[in-house]
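Let me begin by presenting the structure, written as structure tokens, before commenting on it.
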Amino acid sequence: MLREMLDVMMPRECLVCGQRLGVSENPLCIWCAEDLPLTYYWERVHNPMADELNALLERRRSCGERMDYAYAAALLFYHHANPYKRIPQALKYGRNLSAGRYFAAELGRYMASQPHFASVDLVIPVPLHFSRLWQRGYNQAQVIAAQLAGELEASLRTDVLVRLRKTRTQTRLDADARLKNVSGVFHVRKTVPCNHVLLVDDTFTTGATLAACYETVRDAFGPGPRISVATLSAVSSQ
Ligand SMILES: [Zn+2]
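Printed below as a string of structure tokens:
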């Protein structure tokens, strides 16, 4: 009843198509909710996102060094011409933290049902530089990471990995330029005993940022723990 009254006074809109939402619809209308462009990457140890990340890590590894295949998962495909891009954008630019939490929890439940992610015991969000955090007021990666940690029953740590300097926006850079842009940017302040670390960001584009975080954490934590990555969305080429 309260919801109905609120809907009359302050109509809510579907995050994707903008249509007015019914009482039981939130944050998407049933049509958009049904058509979510899910990646199903969490079900596949080898998937295009994981392949891309592992290829990047491999390129930067000294020869002969042994390496685990890193697991990677995203909830949704991201494409600039697809209106579903409004979901990650609402979290990153629109201060819509509740939508971010909603979709991150969905990803967390999918990941928790998979044996290769069920062992995650430490979740670390990709940090923002403090000046950007101050500007935005929140770290969108941390909003996602908190939900994933809850669903995976792992601890969320925001005091482990820090960003030492501000990077320029990566949107117009190619993979190599992005790698250069983020090299030496991250630093591990302290290590924590764990078996499986999950690094979390909002969107996976070329994987450069997550690869830089992966290497920083690997160098500090040593070869012991497995390191995986997760994001809310992954850029698709179609
Ligand atoms: Zn809709």
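Numbering (our numbering), first residue to last: 1289 to 1526. Beta carbons are placed, not taken as given, at the ideal position from N, Cα and C, and that holds for glycine.
*Kindly indicate which residue of 1427, 1480, 1377, 1321 has the alpha-carbon position closest to the one of residue 1302.*
Nearest of 1427, 1480, 1377, 1321 to residue 1302, Cα basis: 1321.
*If you draw a straight line from the C-alpha of residue 1406 to the C-alpha of residue 1494, how long is it?*
26 angstroms
*Alpha carbon to alpha carbon, how far is residue 1347 from residue 1462?*
Answer to the nearest angstrom: the Cα atoms are 16 angstroms apart.
*Please report how far the alpha carbon of residue 1474 lies from the alpha carbon of residue 1431, in whole angstroms.*
Going by the C-alpha atoms only, they are around 19 angstroms apart.
*Hey, which unbroken runs of the alpha helix (DSSP H) at 4 residues or more fall wholly within the segment 1349–1419?*
The qualifying runs are 1374–1380, 1385–1400, 1403–1406.
*What does a CB cutoff of less than 6 angstroms around residue 1479 pick up in its chain, not counting 5 residues either side in sequence?*
1508, 1509
*When the distance is taken between beta carbons, is residue 1414 closer than 9 angstroms to residue 1489?*
yes
*What does residue 1475 pair with, by DSSP beta-bridge criteria?*
1450
_Chain-ordered list of residues that sit, by beta carbon, closer than 6 angstroms to a heavy atom of ligand 1_ = 1302, 1304, 1305, 1307, 1316, 1317, 1319, 1320
*Distance between beta carbons of residue 1453 and residue 1356, contact taken as under 8 angstroms*: Not confirmed; about 29 angstroms, so no contact.
_I'd like the list of long-range same chain contacts for residue 1445, defined as Cβ closer than 8 angstroms, with 5 residues on each side in sequence excluded._
1410, 1411, 1412, 1480
*Please classify residue 1486: does DSSP put it in a helix, a strand, or coil?*
Strand, per DSSP.
*Taking 9 angstroms as the cut-off, decide whether the C-beta atoms of residue 1365 and residue 1326 are in contact.*
Residue 1365 places its beta carbon less than 9 angstroms from that of residue 1326.
*If you drop the 5 nearest sequence neighbours on each side, which residues of the same chain put their C-beta closer than 6 angstroms to that of residue 1300?*
1309
*asked:* Please report the straight-line C-alpha distance between residue 1399 and residue 1314, rounded to a whole angstrom.
replied: Looking at the two C-alpha atoms, the distance is approximately 22 angstroms.
_Can you give me the C-alpha to C-alpha distance between residue 1282 and residue 1491, rounded to a whole angstrom?_
Because residue 1282 is not part of the residues shown, which for the chain are 1289 to 1526, the question remains open.
*In chain order, what residues of the same chain have a beta carbon less than 7 angstroms from the beta carbon of residue 1384, not counting five sequence neighbours either side?*
1378
_Per DSSP, the bridge partner or partners of residue 1523_ = 1366
*Select from 1333, 1401, 1450, 1429 the residue whose C-alpha is nearest the C-alpha of residue 1520.*
1429
*Out of curiosity, what's the CA-to-CA distance linking residue 1306 and residue 1374?*
Taking the straight line joining both Cα atoms gives about 10 angstroms.
_Local conformation of residue 1301 per DSSP, three classes_ = The answer is strand: DSSP assigns residue 1301 an E or B state.
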